[in-house]
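46 is the number that this note's numbering gives to position 45 of the sequence shown; each next residue is one higher, with no gaps.
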Amino acid sequence: MKLKTAEAIQLYANEITPKIDTAYQGIGYTPKNGEPYQEYYIIPAMNEAPYINQSDIIYRGIFQITLKYNSGNGIREVLERIDVIEPHFFKGKSIERRGVKVVFDDSKTVNLGTDGDRIVYAFRVDFRAFKIAV
2 MKLKTAEAIQ LYANEITPKI DTAYQGIGYT PKNGEPYQEY YIIPAMNEAP
52 YINQSDIIYR GIFQITLKYN SGNGIREVLE RIDVIEPHFF KGKSIERRGV
102 KVVFDDSKTV NLGTDGDRIV YAFRVDFRAF KIAV
């Protein structure tokens, strides 16, 4: 279920426009000089068993989009990108793909400082995922 959840969330995130280069967790990526990009991370949290003596679980976690923009231009561009991302993951939004339903909960944005010549911000959204009948 974890892999299907990750795929569902990443495919949904890929619908955001305008598109920028994306680095996927665990896959090599070389940033283009001077171009902004984003990194996707699925951060597992806890599993929850809603019923006693049943194997169904609620998979909880955090989906993080780490934005890396050139420093020296201020924070306008990165904050404008966050303004595009946030409404896509509003609280209560649900998506269904390949037998998994994902519901997004609270979100927040964090300034992570700099990484070399780039300013770094992270958009994080909590999620819950459930198996559904296909």
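All C-beta atoms in this analysis are idealised placements derived from N, C-alpha and C, irrespective of residue type, glycine included.
Reduced DSSP secondary structure (H/G/I, E/B, other) of residue i
| i | result |
| --- | --- |
| Gln26 | coil |
| Phe1 | Shown here, the chain extends from 2 to 135; a query on residue 1 therefore has no answer. |
| Ile17 | coil |
| Ile96 | strand |
| Asp106 | strand |
| Glu78 | helix |
Contacts around residue i, its chain only, beta-carbon distance under 6 Å, and the 5 residues preceding and following it disregarded
| i | result |
| --- | --- |
| Val104 | Ser95 and Arg129 |
| Val126 | Phe64, Phe90, Phe105 and Ser108 |
| Pro32 | Tyr38 |
| Ala163 | The chain is shown only over 2 to 135; residue 163 falls outside these bounds and no answer can be derived. |
| Pro45 | Gly62 |
Residues near residue i by beta carbon distance below 7 Å, same chain, minus five either side
| i | result |
| --- | --- |
| Tyr30 | Ala24 |
| Lys92 | Phe105, Asp106 and Asp107 |
| Arg82 | Leu68 |
| Gly114 | Val121 |
Beta-bridge pairing of residue i - partner residues as DSSP gives them
| i | result |
| --- | --- |
| Asn71 | Arg119 |
| Ile43 | Phe64 |
| Asp127 | Ile63 |
| Lys5 | DSSP lists no partner for Lys5. |
| Val101 | Arg98 and Lys132 |
| Glu49 | Ile59 |
| Gly35 | Bridge partners of Gly35: none, in fact. |
| Val111 | Ala123 |
Chain C contact for residue i (CB, 7 Å cutoff)
| i | result |
| --- | --- |
| Gln26 | Of the chains in the structure shown, none is chain C; there is only one protein chain. |
Option nearest residue i by Cα separation, candidates the options
| i | options | result |
| --- | --- | --- |
| Gly62 | Ile10, Gly75 and Gly73 | Ile10 |
| Tyr13 | Lys132, Pro88, Asn48 and Ala50 | Pro88 |
| Pro19 | Ile43, Asp57, Asp84 and Arg98 | Asp84 |
| Lys3 | Val101, Asn112, Tyr122 and Ser72 | Val101 |
| Asn74 | Ile21, Val121, Glu16 and Ile28 | Val121 |
| Ile17 | Tyr60, Asp118 and Tyr41 | Tyr41 |
Close beta carbons around residue i, own chain, < 8 Å, minus the five adjacent residues each side
| i | result |
| --- | --- |
| Asp57 | Ala50, Pro51, Phe131 and Lys132 |
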